[in-house]
Structures are given as structure tokens and as C-alpha cells.
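Trainee:
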Amino acid sequence: MHSFGIIGAENRRNVMERALIDKIASICEIKENYRLSKISSFKIGGEADIVALTSSINQMSELVKFAESKKIRYRLIGNASNVLFSDEGFKGIIIKTSKMNKIYFRSNEILVEAGVPVTKLAMEVCKFSLSGLEFAYGIPGSLGGAVYMNAGAFGGEFSSVINYVNVLIPRKGIVTIEKKKCDFAYRESWFQHNNCIILSASITLSKGNKAEIENKMNNYMFERMEKQPLEKPSAGSAFKRPKTGYAGKYIEDAGLKGLTVGGAKVSEKHAGFIINDNSATSKDVMELSEKVIEIVKEKFDVELKREFEFIE
Ligand SMILES: Cc1cc2nc3c(=O)[nH]c(=O)nc-3n(C[C@H](O)[C@H](O)[C@H](O)COP(=O)(O)OP(=O)(O)OC[C@H]3O[C@@H](n4cnc5c(N)ncnc54)[C@H](O)[C@@H]3O)c2cc1C
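Residue numbers (the numbering used here): 1 to 312.
If you want it as C-alpha cells, here you go:
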């Protein structure tokens, strides 16, 4: 039986047809049967049939068109710092944008490709004394993931600097989404509700003082190192901030610091983080997060929502 271009139905780890793999390899660089734990900030995840590393808009368009035409499953990732991959891996193609990594400068406006790491971006714009992205220094995501999540820290977030976002809409083409259509809110965006691939974004910054920008970034990094369990794999804050306070505070007040399921643990350093303490599985992380949600609901009638996304 052939389904979604993947041979066999009995075993979970079915094999993608050779001809399909060869065609994908002719479009862009690929890695076959690739262990996703190697690229995930949680250091968790089984094998993906293929990890595709597109390095241009043309490659991305061709790959998505091919995958759609053959009904092959695919998922976009940037730096995989806000996702939890299943222990069972991923049937289909994980498209990683890290090779789409150019930044174009025009005065204080920049056009940034989806795969640029935002910490590197903050460092690059600082070289030109451009201010506005200091908050992003230390966020381990890519520009695409940061736009998708409307990532933020220390009072700043991507929505405050974005002008427009270029996206690829499967079977439609490349479209520009102006900021007012991005529907940015706290860790929310239009992109989460519309099937599209973020290709690049235009960002406007302001002229600042290089030493002050550097100083701000260093202070933010210092604070991260002081407060966050950066020595252990995680996806950052595991839960979105509820309207009534901080997720970490509720979790700490519920006495859940150090709570463990298998190898996953609620960090003792920062209760908002679920860490991969000791060879955790995706099941451990999901079970622990469910437990935390349940207990916080029971104790405080507050509904925590996971911030990271489970990809299976
Ligand atoms: C130690 C640590 C600290 C963190 N600190 C912060 C913080 O301070 N603030 C914060 O907001 N977050 C933080 N995070 C979470 C994470 O870094 C951010 O959410 C980041 O924006 C995710 O980017 P990414 O490239 O890793 O996205 P991924 O994890 O790869 O993907 C996240 C989502 O975005 C989608 N996506 C990614 N790229 C694209 C694209 N090009 N087109 C369409 N969809 C795409 C994916 O499909 C997925 O649904 C932290 C994480 C860690 C591990």
C-alpha cells in the first residue's frame, strides 16, 4: 500500500520511496533517517525520514511544491528551540531553514531571511549601532520561529520591530503580509493559524549608541545565565504567561519545583522551565507538562498552556 509516498503500513518506521528521496536530494541538501534529538534544544526526538536544508527561496518553493504534489508530510523548523519532537520521529520531511541566513541592510531597515539566528542578528545590527533588537540577544531561535511565536523578552517582542513578512503560501505563491495583518499578540501571530512558510521579514531599527546597545545585551545575557537553567536542555519557558501572573510563579507556589516524570523535571532554578534532566523521552515531557497543568488548575484555577509545540 502506498500512502503519502511512503512504502509499507506495518511498521512505524516505514521507508520513503528511493525515487522520492532522490528527487528531494536534487532540490536541496538532505539528511536521511536523521535523529531529531541532534537538532532540538530539548535533545529529544527519534528519526525523521528526511531533514531538508533549503538554502534559497527557489529551493524552498520547489521542495514545498514537490511535497504537496506527492502528498508527503512536511514541517518547518528554524532552530527547533520551541518544539518537542516525538520519540517516534517524523514520517516525512522536516524542512530546516538554517541555510537561509542572509541579512540585507538599507540604512536602518533590514531584510532578514528566516533562518538567521536572532541572537546573531542582534549582534550584527549592534555592529552598525542599530537599536531595537537588544531584547532578542540570548533567544536561541531563528527569525522565522521568532516571527511565528512573536518571541520576546525583557519587555521587547518582535511585533514591535517588524514592518512586513514575506511568506510562501502552498499552491498560491509568495505573498507579503503587512504588520497590521500579522495579528501579533503575546506569543501569538497570524502565521500560527495560516498554513504558510515564513521566508523573510523586514525590520526597522533606530540609530543608537553602540556601547549602550552592547551593554544592554550583555546585561540581558547575564540575567538569563543567572535565572535560567541554561546548563540543561529545554525549550525555554514551557508555558505561556497566563493573564493573571507568571507561569513559573504559579508552578513554584504549587510546590512543583523538582517534580519529575522519567528524565524530565521541573527546573529547581526556574519553575517555568521543564528540563531534560536525564535522557528524558518526549512522553516524559508531555506527561510532566500535563501534570503541572492539572495541579496548577486544581490549586489556583489557572489554566496554563504549553508554549512549545509537540511535533509527531
Ligand atoms: C534556553 C531557551 C530560552 C528561551 N528564551 C526565550 C525568550 O526569552 N523569549 C521567547 O519568546 N522564547 C524563548 N525561547 C523559545 C524559542 O527560542 C522561541 O520561541 C523562538 O522564537 C523559536 O524559534 P525557532 O527558530 O527555534 O523555532 P522552532 O522551534 O524551530 O519552531 C517553532 C514554531 O515555529 C514554526 N516555524 C519556525 N520557522 C518557521 C518558518 N520559517 N515558517 C513558518 N513556521 C516556522 C515551527 O513550525 C514551529 O511551529 C527560549 C528557548 C530556550 C531553549
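Glycine included, every Cβ here is placed at the ideal spot set by N, Cα and C.
Could you tell me the alpha carbon to alpha carbon distance between S81 and L130, rounded to whole angstroms?
Mentor: The residue you call residue 81 lines up with position 81 of the sequence shown. The residue you call residue 130 lines up with position 130 of the sequence shown. When rounded, the distance between both Cα atoms is 26 Å.
Trainee: Going by the C-beta, is R75 closer than 7 Å to any heavy atom of ligand 1?
Mentor: Within the sequence shown, residue 75 is the residue found at index 75, counting from 1. Yes.
Trainee: Go through its chain and collect everything with a Cβ distance to D277's Cβ below 8 Å, but skip five positions before and after it.
Mentor: As a position in the sequence shown, residue 277 is number 277, starting the count at 1. For D277, where only same-chain residues beyond five positions count, the Cβ hits under 8 Å are K232, T260, G263, A264, K265.
Trainee: Quick check: the region 191-210 against the region 145-153, are at least 3 beta-carbon pairs closer than 8 Å?
Mentor: yes
Trainee: Can you tell me the Cβ-Cβ gap for L53 and E29, rounded? I've got them flagged as a contact below 8 Å.
Mentor: By one-based count along the sequence shown, residue 53 stands at place 53. By one-based count along the sequence shown, residue 29 stands at place 29. Right, their Cβ atoms sit about 4 Å apart.
Trainee: To the nearest angstrom, report how far apart G46 and E32 are at their CA atoms.
Mentor: Translated into positions along the sequence shown, residue 46 becomes position 46. Translated into positions along the sequence shown, residue 32 becomes position 32. Each residue's Cα considered, the two are about 12 Å apart.
Trainee: Looking only at its chain, what residues have a beta carbon closer than 7 Å to the beta carbon of E214, apart from the 5 residues adjacent to it on each side?
Mentor: What you label residue 214 is simply residue 214 of the sequence shown in a count that begins at 1. Counting only Cβ-Cβ distances below 7 Å, and skipping sequence neighbours, we find C126.
Trainee: Rounded to whole angstroms, what's the CA-CA distance from E109 to S237? Just pull it up for me.
Mentor: Translated into the one-based positions of the sequence shown, residue 109 becomes position 109. Translated into the one-based positions of the sequence shown, residue 237 becomes position 237. Distance between the alpha carbons of E109 and S237 is about 30 Å.
Trainee: Using the three-state DSSP reduction, which class does F4 fall into: helix, strand or coil?
Mentor: The residue labelled residue 4 in the question sits at position 4 within the sequence shown. Bear in mind that the predicted position of F4 carries a pLDDT of just 44, short of 50, making it unreliable; the figure below should be weighed with that in mind. Looking at F4 - three-state DSSP - the assignment turns out to be coil, as it is neither helix nor strand.
Trainee: Do S37 and N79 have their C-beta atoms within less than 8 Å of each other?
Mentor: The sequence position of residue 37 within the sequence shown is 37, counting from 1. The sequence position of residue 79 within the sequence shown is 79, counting from 1. In this structure, N79 does not lie closer than 8 Å to S37 by Cβ.
Trainee: From this set, K299, Y164, R75, I251, which residue's C-alpha is nearest N195's C-alpha?
Mentor: On the sequence shown, position 195 is the one that residue 195 refers to. Minimum Cα distance to N195 is reached at R75.
Trainee: Write down the C-beta distance between R73 and G92 rounded to the nearest angstrom, noting that I regard them as a contact closer than 8 Å.
Mentor: Stepping through the sequence shown from its first residue, residue 73 is reached at position 73. Stepping through the sequence shown from its first residue, residue 92 is reached at position 92. The Cβ separation is near 3 Å, so the contact holds.
Trainee: Could you compute how far the alpha carbon of L199 sits from the alpha carbon of V51?
Mentor: The residue given as residue 199 occupies position 199 in the sequence shown. The residue given as residue 51 occupies position 51 in the sequence shown. Taking the straight line joining both Cα atoms gives about 18 Å.
Trainee: Answer yes or no: the CB of Y246 versus the heavy atoms of ligand 1, is any distance below 7 Å?
Mentor: Your numbering for residue 246 matches position 246 in the sequence shown. Y246: no, Cβ never under 7 Å from ligand 1.
Trainee: Cβ of S41 versus every heavy atom of ligand 1: is any distance shorter than 7 Å?
Mentor: Numbered from 1 along the sequence shown, position 41 holds the residue referred to as residue 41. S41 Cβ: within cutoff of ligand 1.
Trainee: Spatial neighbours of Y246 within its chain, please: C-beta separation below 8 Å, excluding the five flanking residues on both sides.
Mentor: As a working mapping, residue 246 is identified with position 246 in the sequence shown. Excluding sequence neighbours, Y246 sits near G272.
Trainee: Ignoring anything shorter than 3 residues, give me the beta strand (DSSP E) runs that lie fully in the region 68-121, in order along the chain.
Mentor: The region 68-121 is shown to contain whole beta strand (DSSP E) runs of 3 or more residues at 74-77, 83-85, 90-96, 103-106, 109-113, in chain order.
Trainee: For N218 and I139, what's the separation of their Cα atoms in angstroms?
Mentor: Start at 1 with the first residue of the sequence shown, and residue 218 comes out as number 218. Start at 1 with the first residue of the sequence shown, and residue 139 comes out as number 139. Rounded to the nearest angstrom, the two C-alpha atoms are 13 Å apart.
Trainee: What does the Cβ neighbour count give for Y34, buried or exposed, with the cut at 16 atoms within 10 Å?
Mentor: Looking up residue 34 in the sequence shown gives position 34. With 16 or more other Cβ atoms within 10 Å, it is buried.
Trainee: Return the residue from the list F154, T204, F85, V167 that minimises the CA-CA distance to F314.
Mentor: Since the first and last residues shown for the chain are 1 and 312, residue 314 lies out of range.
Trainee: Report the residue from S267, F300, A211 whose alpha carbon sits nearest the alpha carbon of E134.
Mentor: For this step, residue 134 is matched to residue 134 along the sequence shown. Checking every option, the nearest Cα to that of E134 belongs to A211.
Trainee: Given 8 Å as the limit, is there contact between the region 248-260 and the region 55-71, that is, 3 or more CB pairs closer than that?
Mentor: As far as the Cβ criterion goes, the region 248-260 does not touch the region 55-71, which means the pair count is below three.
Trainee: Have a look at A122, L20, S26, I44 and flag the residue whose alpha-carbon is nearest the alpha-carbon of A280.
Mentor: Sequence index remark: in the sequence shown, residue 280 carries index 280 (1-based). Of A122, L20, S26, I44, the residue nearest in Cα terms is I44.
Trainee: What do you get for N209, buried or exposed, if any count of 16 or more other CB atoms within 10 angstroms of its CB means buried?
Mentor: Your numbering for residue 209 matches position 209 in the sequence shown. Exposed.
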